[in-house]
Amino acid sequence: MPLSWSDITAWKHEPLATAERELRTTRRDLLDLADELATMGLPRNWTGDAARTSGTCLRTVADDLRDVVAEVSAAYTAVCDAADGVLGVVRAVAEAREYARLSSLTISASGVVTTKELLVCRADDDEEDVETRRARQAQVDECVTRIAEALRKAADVDADLSAVLTSIELNRIEGGKGTLAQASAIGEVKGDLSVLEPPRGGSPTQNAAWWATLSPDERALVIAENPGWIGNLDGIDATSRDLANRNLLDTRRTHVTTRLAELEAGFIDEDGNFDYVYYQDHIDEYHDLMEEKGAIATLDEMLARPGAHQLIGVDFTTPRTQAIVANGNVDTADHVAVFTPGLTSTVEGMGGYDSSMAQLRARTEDELFRRGESGTVATVTWLDYQAPQWGTTFAGDSVALSGSAENGGRDLAAYFTGLNASRLTDPDLTALGHSYGSTTTGYSLQHEGTGVDRAVFFGSPGLGTSDLGDLHLPEGNAYYAEAKWDPVGDLGRFGTDPTGLEGMNHLETGGGESADGRSWNGVEGHSDYLQDGSTSQYSMAQVVGGHPGDVIEGKNVGFWTDPLDAQPWWPGFLT
Amino acid sequence: MRDDNPMTGLRRTSTDRRRRARVATTAAAVVAVLALLPGCTGDAGGTGGTGGTGTTRTTGDTVDARQQLDSRRSEAEAKRDNLALLAEVREALTKVNPALRWRTPEPAVESGSLCKKPFDAVDGAGTLNLTAGGAFGSIPDADWPRAWAAVKEVAAKRGYGDEHVLKDEPGGHQASVYDEDGSELSVGTGVNTTATIFGACYLTR
């Protein structure tokens, strides 16, 4: 009979812990018999039928003892692992209940999730009602998913432990012909329970719920032995992904170094001449590895810098390396900003972005503290997509096409969703998108359920839509900055130039003065929006810190003519 | 006459040809527009820019940037000097308002990162943001002028001048001074008080 919610809410790991201790004592006592077994033998020079019979009995006793040791060892190992697994289930149950409490949901004794609101469509629903209901349904769904994953984990622990105990009961575990210690080792292998793997094709919410079912020891085991399970898995907390990705980085660095040396040696034949055939066969691989080498070098340097850095994602399987790097702690920060850069962005070159994000974080925290708030901030550079490069201008991931942005937008949406799912309380979340990265961000926000609170786009060739309503943002929470002499902002290649989007808030990019009387430096062109001390950086800090009302508003005309109705001279009555 | 794709055997249609022509034209237009940008990339920035590279950097540019950093203090020296400065700033501000309660026992490095242009291609270069720790409490309006004067005095001894006052109004004050490398000492007060150094780029080794 399958386990139920009421079954697992009664689970405690202490009884298994007690059994674990008892089995450990028994195993130790048995292993202490090893010396006696070794010295136990027949007297010398004793021959005859009795001696032969005694010898047979002795061997049988030894075999039986090895089998017992193996069985006890298997039982001990299985019970240890099961105790850990049960601990994970207990924690997952507690977390599901806590999530329900924080979300004002109720979980019945049988595991049914209910909410006070009636989640049905009504004829007089407006957009806000629809969005509110969708968000509420998402909370219910998340709670249901947490319960489902807890049950899946419980069933897995139950089945695995049962299988080992059944093997023992049916005498299927043999201790071999070696020493008692060797028999114990055989038993450990037989009793080893595997850690439940993440759900196949799981959503970020499912992944988060799965991770919640793992005990601390199980998580450590995954990070050490299977970092690839979680390194890029949306829904897993940033701290764990960081640890896993650093392991992956170490492994990949060794591989790249070794393989490059092999290739370079292969380019020269035994006679010291250039081996053109070998070169032709391996040059593509060589270029790929050189790209990775550059990316790894930058990541190593960034992660070695002081302060909190989290390597939330790294992917060497894509044509160009992809990575996600944070300043601060994404798991605990009150405010999180996720920045997506655009054309020509590479992991090797992302040090400058990281520096901009570090400055933005510091400025935002200073602003908050001076106001009397103690909010913490984390800023993320998200380069987990194939940002177009000059070399791919006329290829599939060209800057002129939306393919990379759409694919990247889908992945960015999953990252946003996973970020929220990985925390019991959602952070105040701002998306920042520059250039083609703003197009990617625009596409991401066209997915439901990202949980992004506000978005700032700057120097954008379009957001992938001509209707701001397509972005699932709270009304009034989209901001756009376009500097003078920034022609990218006027391209309107991927939807209407954001300058002309109805409902968009506009940020001043020239020299400006904030409401509290401070003056800020202006920027021009396409690439200086995050310049330290600039008007645009100041406004971004206000948005990221949750004070969008304090941005400096303004509209700057780009290089080409912005939409007519965005021009300062356009008659207001025609808007 | 049949016009087939030699790879797939599929017939190229006139629609395909028009679409490819549109893509090529659009791509050419985008490239042309982007090529007009300073630095010739979509995301390369000038000094203190948005960040990222993509510009083909000449060896000469990198050598010049390296030489510039070689002429500066090392990061370790700059860090030592700036932490000492922040300690002096704390002392100066506390002398003006002894009620200030600093959140940390002493100034510290808040974060470090790699450098932006024009130093981004220089190996072994980095920047640091250092904080005095932040203090609960404000510098009263009447005391701000002498507080700021005291800060400028200790900062001047460590090469900081070039003052920039962001705000000087009842209830809120913020000002910065810069050193010749471009490091910024920013001091401000509102409900609480902050003193932060946004460090310039230095060689870490």
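Chains as they are written, first to last, in this note's numbering: chain A, -13 to 561; chain B, 9 to 213.
Ideal Cβ positions, reconstructed from N, Cα and C, are used throughout, including at glycine.
Quantities reported herein were computed from a predicted structural model and do not represent experimental measurements.
CB-CB under 6 Å to residue i, same chain, minus the five flanking residues each way: which ones, in chain order?
i               : result
L200 of chain A : G74
L91 of chain A  : V99, T101, C129
N90 of chain B  : L138, I205
N491 of chain A : Y465
V500 of chain A : Residue 500 of chain A is actually Ser in this sequence, not Val. I538.
Y401 of chain A : D220
T212 of chain B : E83, G132, G134
T12 of chain A  : V58
L365 of chain A : Correcting the residue type first, residue 365 of chain A is Thr in the shown sequence and not Leu. Within the same chain, T365 of chain A has close Cβ partners N313, A323, M343, L346, R347.
A73 of chain B  : P126, F127, V130
A407 of chain A : P190, T191, A194, G221
G565 of chain A : Residue numbering for chain A in the displayed model covers -13 to 561; residue 565 of chain A lies beyond these limits and cannot be assessed.
V530 of chain A : H321, A323, T350, T416
Can you pull the DSSP bridge partners for residue i?
i               : result
Q182 of chain B : B:K175, B:G196
W368 of chain A : A:I310
S505 of chain A : A:E499
Q125 of chain A : BP columns for Q125 of chain A are empty, so no partner.
H268 of chain A : According to DSSP, H268 of chain A bridges with nothing at all.
N241 of chain B : Since the first residue shown for chain B is 9 and the last is 213, residue 241 of chain B is missing from the structure and cannot be characterised.
N491 of chain A : A:Y465
Q76 of chain B  : In the DSSP output, where bridge partners are listed per residue, Q76 of chain B has none listed.
W471 of chain A : Answer is none; W471 of chain A lacks a bridge partner.
T100 of chain A : A:T92
A323 of chain A : A:T365, A:T416
V300 of chain A : A:A309
R6 of chain B   : In this structure chain B extends from 9 to 213, so residue 6 of chain B is not present and cannot be described.
G169 of chain B : B:Y186
What residues in its chain sit with their C-beta under 7 Å from that of residue i, if we drop five residues either side in the sequence?
i                 : result
D178 of chain A   : T63, D67
L88 of chain A    : L410, T411
E434 of chain A   : R120, H458
L(-11) of chain A : L137, A140, A141, D144
D170 of chain B   : V185, Y186
Give me, in chain order, the residues of the same chain whose beta-carbon lies closer than 8 Å to that of residue i; leave out the 5 immediate sequence neighbours on both sides.
i               : result
D53 of chain A  : N157, I159, E160, G161, A169
V104 of chain B : I147, D151, R154, A155, A158
M336 of chain A : T284, M288, A309, V311, P327, T367, L369
N507 of chain A : G497, Q517, G519, S520, T521
L454 of chain A : A464, L487, E488, G489, M490
W215 of chain A : E183, P184, V208, A230
L249 of chain A : H268, E271, Y272, L275
L93 of chain B  : V162, A163, R166, Y168, L193, I205
E188 of chain B : G167
I'd like to know whether the C-beta atoms of residue i and residue j end up nearer to each other than 8 Å.
i               : j               : result
A281 of chain A : V324 of chain A : no
I133 of chain A : A82 of chain A  : yes
S520 of chain A : L493 of chain A : no
T424 of chain A : S446 of chain A : Before going on, a small fix: residue 424 of chain A reads as Ser here, not Thr. A contact, by the Cβ cut-off of 8 Å.
Q345 of chain A : N315 of chain A : no
K176 of chain A : V208 of chain A : no
Y371 of chain A : T426 of chain A : yes
T482 of chain A : N542 of chain A : no
G293 of chain A : S119 of chain B : yes
Y210 of chain B : A107 of chain B : no
A5 of chain A   : V65 of chain A  : yes
T416 of chain A : V442 of chain A : yes
N200 of chain B : R504 of chain A : no
V300 of chain A : L235 of chain A : yes
G535 of chain A : A469 of chain A : no
V162 of chain B : E96 of chain B  : yes
L9 of chain A   : L166 of chain A : no
If residue i and residue j are in contact, beta carbons under 8 Å, what's the gap, nearest whole angstrom?
i               : j                : result
R291 of chain A : S121 of chain B  : 6 Å
T428 of chain A : G450 of chain A  : Here the sequence assigns Gly to residue 428 of chain A, which means Thr is not the residue at that position. Indeed they touch by this definition, with Cβ atoms about 4 Å apart.
T202 of chain B : D352 of chain A  : 5 Å
H321 of chain A : P413 of chain A  : 6 Å
Q375 of chain A : T330 of chain A  : 6 Å
A230 of chain A : P202 of chain A  : Actually they do not touch by this definition, with Cβ atoms about 15 Å apart.
S96 of chain A  : W(-3) of chain A : In fact, because the Cβ distance is near 16 Å, the residues do not count as touching under 8 Å.
S421 of chain A : G395 of chain A  : Between G395 of chain A and S421 of chain A the Cβ distance is about 14 Å, and since that is not below 8 Å, they are no contact.
Task: Residues in the stretch 434 to 458 of chain A having any Cβ partner in chain B nearer than 9 Å - done: F444, G445, P447
Task: Against chain B: residues of the stretch 330 to 343 of chain A by CB proximity under 9 Å - done: In summary, the residues of the stretch 330 to 343 of chain A whose CB is separated from some CB of chain B by less than 9 Å are T330, S331, T332, E334, G335, M336, G337, G338, Y339, D340, S341, S342, M343, in the order they occur in the chain.
Task: Against chain A: residues of the stretch 88 to 113 of chain B by CB proximity under 7 Å - done: none
Open item on the list: Residues of the stretch 70 to 90 of chain B in Cβ contact with chain A at a cutoff of 7 Å, in chain order, please.
Closed with: Contacts with chain A (Cβ-Cβ distance below 7 Å) from the stretch 70 to 90 of chain B involve no residue at all.
Task: Members of the stretch 496 to 528 of chain A that neighbour chain B once the beta carbon cut-off is set at 7 Å - done: D502, G503, R504, S505, G511, H512, S513, D514, Y515, L516, Q517, D518
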